[in-house]
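Here's the structure we're looking at; comments come further down.
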Amino acid sequence: MGRAYEVRKASIQKTGAAKAKLYSMYAKEIYQVAKTGGTEPVANPSLKRLMERAKKDQVPSDIIKRAIDKVNSGVDESYTSVSYELFGPNGSTLIVECLTDNLNRSVSSIRTALNKCHFKMGAMGSVSYMYDHLCIVGFKGLKEEDTINALIENDVDIDDIETNDDTTLVYGSPQDLFKIKEAIISALPNVDFVIDEISMLPKEKVTLTGEDLDSFNKMLTMLDEIEDVQNVYHNVEI
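Residue numbers (this note's numbering): 1 to 238.
Following this line, the structure appears as C-alpha cells:
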C-alpha cells in the first residue's frame with residue numbers, strides 16, 4: 001500500500017543549543033534504557049540499538065559512556081515517559097513524547113507553546129488513534145523480493161514493505177523490530193541500517209498554507225527547544 005515514509009539523512013544542526021539538546025536527549029534515554037535492561041549492549045538489544053543511533057548522530061562517545069557509568073555507579077535518577085496529543089490548525093495534529101524528571105515542568109512548557117501558537121491539547125487517545133505505531137527498518141543492497149523471502153524464512157510477520165529510491169523500507173510491529181533486523185542480516189550480513197526507528201505514522205496527511213503553516217512551523221520550533229521533548233510526530237506535509 002505504500003506509506004511514503006520520508007527517507008532523510010540525519011544531520012547535526014550547527015547551533016550549540018541544538019547540539020546540547022541532542023546530547024541531552026540521548027544521555028537521558030541511554031541512562032533510562034541501561035537502568036531498565038542492563039548496561040551490557042550484548043545482553044540489552046535496546047541499549048545496543050540506541051548506542052548505534054547515537055553514534056550515527058555524532059553524539060560524542062564520552063556522553064554515551066557517562067550515561068552508562070551513572071547506572072553502574074548506582075546514581076539513581078528517575079525519568080517518566082509521557083505523551084501529549086495536540087490539535088493544530090486545519091486538521092493538523094501532533095503527538096509529543098517527553099522523558100522528564102519533572103512532570104510539572106514538562107506540561108507547563110508544552111502548554112506555553114500551545115498558548116503561543118493557538119493549539120489545543122487533546123485527551124489521551126484523541127489523536128493517537130489516527131496514527132499507526134510501527135517500527136521502520138530501512139536499508140540498501142537487498143531487493144524487495146529477496147527481503148520478503150528472508151522474512152518468510154525467518155518466520156517474521158510485517159505490516160508493509162516498499163522501496164523509496166534505492167532504500168527498502170520494512171514496516172512492522174514495534175516488538176518485532178529486532179526479529180526484522182535479524183532476518184535482514186541473515187540475507188545481507190554487512191547491511192547498514194539507514195533507518196531503525198519506532199515511530200507513529202499518520203494514517204492520513206494534511207497540507208497547510210499561509211498563516212496555518214507559519215503557526216505550525218512555529219510550534220515545531222518551540223517544541224524542539226523544550227528540554228524534555230524527545231520525539232514529535234505529526235500529520236502535516238512539509
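A virtual CB, placed ideally from N, CA and C, is assigned to each residue, including glycine.
task = For Phe-216, I'd like the list of residues in its chain whose CB is within less than 7 Å of its CB, leaving aside the five on either flank, ordered along the chain.
result = As a position in the sequence shown, residue 216 is number 216, starting the count at 1. Within the same chain, Phe-216 has close Cβ partners Gly-88, Pro-89, Ser-92, Leu-208, Val-236.
ask   = Is the beta carbon of Ser-126 less than 9 Å from the beta carbon of Glu-85?
value = Along the sequence shown, one-based indexing puts residue 126 at 126. Along the sequence shown, one-based indexing puts residue 85 at 85. Closer than 9 Å, so yes.
message = Nearest by alpha-carbon distance to Tyr-23: which of Glu-204, Lys-218, Arg-53, Leu-151 is it?
response = Indexing the sequence shown from 1 puts residue 23 at position 23. That would be Arg-53, whose Cα lies nearest to the Cα of Tyr-23.
inquiry  = Quick check: what's the CA-CA separation for Met-200 versus Tyr-131?
reply    = Counting from one through the sequence shown, the residue named residue 200 turns up at place 200. Counting from one through the sequence shown, the residue named residue 131 turns up at place 131. So the two alpha carbons sit approximately 6 Å from each other.
Assumed close pair Thr-168, Leu-142 - CB separation to whole angstroms, cut-off 8 Å = Position 168 of the sequence shown, counted from the first residue, corresponds to residue 168. Position 142 of the sequence shown, counted from the first residue, corresponds to residue 142. Going by Cβ atoms, the distance from Thr-168 to Leu-142 rounds to 6 Å, so yes, they are a contact pair.
message = Among the candidates Asp-214, Gln-32, Ala-187, Gly-138, whose CA atom is the shortest distance from the CA of Asn-164?
response = One-based indexing of the sequence shown puts residue 164 at position 164. Nearest option by C-alpha distance: Gly-138.
request  = Output the distance between the C-alpha atoms of Glu-77 and Ile-152, rounded to the nearest integer angstrom.
outcome  = Position 77 of the sequence shown, counted from the first residue, corresponds to residue 77. Position 152 of the sequence shown, counted from the first residue, corresponds to residue 152. Distance between the alpha carbons of Glu-77 and Ile-152 is about 42 Å.
ask   = Does the separation of the CB atoms of Tyr-233 and Glu-29 fall below 9 Å?
value = Mapped onto the sequence shown, residue 233 falls at position 233. Mapped onto the sequence shown, residue 29 falls at position 29. Not in contact: Tyr-233 and Glu-29 (Cβ atoms no closer than 9 Å).
message = Please return the same chain residues whose Cβ sits closer than 6 Å to the Cβ of Asp-212, not counting the five positions on each side in sequence.
response = Start at 1 with the first residue of the sequence shown, and residue 212 comes out as number 212. Excluding residues within five positions, the ones whose Cβ falls inside 6 Å are Pro-89, Asn-90.
request  = Check the C-beta distance from Tyr-31 over to Val-71 and give it rounded, since I have them as a contact under 8 Å.
outcome  = Working through the sequence shown from its first residue, we reach residue 31 at position 31. Working through the sequence shown from its first residue, we reach residue 71 at position 71. Confirmed, about 6 Å.
task = Could you work out which residue in Val-42, Ile-63, Glu-40 is closest to Lys-21 when comparing CA atoms only?
result = By one-based count along the sequence shown, residue 21 stands at place 21. The shortest C-alpha separation from Lys-21 is found at Ile-63.
Whole runs of the beta strand (DSSP E) within the region 154 to 215, excluding any shorter than 3 residues = 160 to 164, 167 to 172, 195 to 202
key: Start and end residues, beta strand (DSSP E) containing Met-121   = Numbered from 1 along the sequence shown, position 121 holds the residue referred to as residue 121. Start and end: 120 to 122.
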